[in-house]
Amino acid sequence: MERDNLESNTRNTDSEKSIHDLTYSWKPAPDTRFTDIGGMDDLKANIERSVLRPLTRIDDAYKRFNISPPNGILLHGPPGTGKTHFARAIAGELGHPYLELSAGDIKSRWINESTEKVNQLFREAAQFDRCVIFIDEIDALLAGRDSDLHREHAQVVNEFLAHLDDEDPNFLVIAATNRVDLLDEAATRRGRFDQQYEVGLPDEAAREAILRVRLRELPTDLDEGDYATLAAQTEGHSAADIVGMVEDAAMDAAERDAQVLTREDLRKRV
């Protein structure tokens, strides 16, 4: 899908900009789905129940019990555990236009520019019927106001949280951090980033599932026992480590013009 096709997802009013005029690099909904994430079944089930269903099922049961979809969710955990991949999968499951940023894309050393960037972000989000915004390293943007003496920082935090308090948002903000302890306390209050999900290092079953997902479209000579063996040998590896291992092993196989990726290719890269 090309960027042009996002036009069909924007609200059609004369006052709106063309999608081509937007400052941020919005994309169509990602192709990534939960089936592309190996393991983490409990985490996927929790997000399905608390995030996806309230956002996609508009029925009497949810209205009866006054259940509102979240404005924001927080993914936290060590580096390389797949937080960005998870955010893409959530956006893919929802089928909404998607924007991926880091805090550095919003922060500026110039006075008032960061605040304007925050406002611009949510102005652009308002042009879609529904959209998903992912912000990595959110602790750099919403650090505790007591930890920064600059008035500009407090203004940025205030402005961002004011937008997050929207009572009828058309957006879902997914934030990620390795240091949830650095966040301003106000950011995790009810209705903001109060839904927090830990994306930790995969256990053995999850590592095996990640291997299966990453290898399912590659020609290999692996049998069932090889997946379990490799999962056991990769204890302490993050999801990113395992993905990198598969990619490096595939490169080794390609460089020798092999017909299949072998178990030995993978074992050398553990």
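Using UniProt numbering, the first residue of the sequence shown is number 1, and each one after it goes up by one. Glycine residues also receive a C-beta, built at the ideal position from the N, C-alpha and C atoms. Being a predicted model, the structure only gives us computed values, none of them experimental.
Can you confirm whether the region 208 to 225 touches the region 33 to 41 when touching is taken to mean that 3 or more C-beta pairs between the two stretches lie within less than 8 angstroms?
yes
According to DSSP, what are the bridge partners of Thr32?
DSSP lists no partner for Thr32.
For Trp110, count the other beta carbons within 10 Å of its own beta carbon; 16 or more makes it buried, fewer makes it exposed. Which is it?
exposed
In chain order, each alpha helix (DSSP H) run of at least 4 residues that lies wholly inside the UniProt domain "AAA+ ATPase" (69 to 203):
83 to 94, 113 to 125, 138 to 141 and 151 to 164
Assuming Leu266 and Thr81 form a contact by the criterion Cβ under 8 angstroms, report the distance between their Cβ atoms to the nearest whole angstrom.
Going by Cβ atoms, the distance from Leu266 to Thr81 rounds to 21 angstroms, so no, they are not a contact pair.
Counting along the chain, where does the alpha helix (DSSP H) carrying Glu255 start and finish?
Ala239 to Glu255
Count the other C-beta atoms from every protein chain shown that fall within 10 angstroms of the C-beta of Ser25, then say buried if there are 16 or more, exposed otherwise.
exposed
Under 7 angstroms Cβ to Cβ from Gln120, same chain only, skipping five residues before and after it: list those, please.
Thr23
Taking C-alpha atoms, which residue in Arg256, Glu247 and Gln195 lies nearest to Val213?
Glu247
Return the residue from the list Ser68, Glu198 and Ala125 that minimises the CA-CA distance to Pro79.
Glu198
On the premise that Ile67 lies in contact with Phe193, defined as a C-beta separation below 8 angstroms, what is that separation, rounded to the nearest angstrom?
That pair is no contact at about 18 angstroms.
For a quick check, are the C-beta atoms of Leu141 and Val156 less than 8 angstroms apart?
yes
Selected residue, minimal CA-CA separation from Val180, among Ala143, Leu261 and Glu204:
Ala143
Backbone secondary structure at Asp4 - three-state DSSP
Model confidence at Asp4 stands at a pLDDT of 46, short of 50, so the residue's coordinates are unreliable and nothing is read from them.
DSSP three-state label for Thr56, please.
helix
Please state whether DSSP places Thr23 in a helix, a strand or coil.
coil
Rounding to the nearest angstrom, what Cα-Cα distance links Tyr98 and Ile90 in this structure?
10 angstroms
With a 10 Å radius around its C-beta and 16 neighbouring C-beta atoms as the bar for buried, classify Lys268 as buried or exposed.
exposed
Three-state secondary structure (DSSP) at Leu222?
coil
Please state if the CB of Gly92 and the CB of Asp31 are separated by a distance shorter than 8 angstroms.
yes
Let me know if Ala232 comes out buried or exposed under the rule of 16 or more other beta-carbons within 10 Å of its beta-carbon.
exposed
Expressed to the nearest angstrom, what Euclidean distance is found between the alpha-carbon atoms of Lys63 and Thr229?
49 angstroms
Quick one: give me the first and last residue of the alpha helix (DSSP H) that Arg263 is part of.
Arg263 to Lys268
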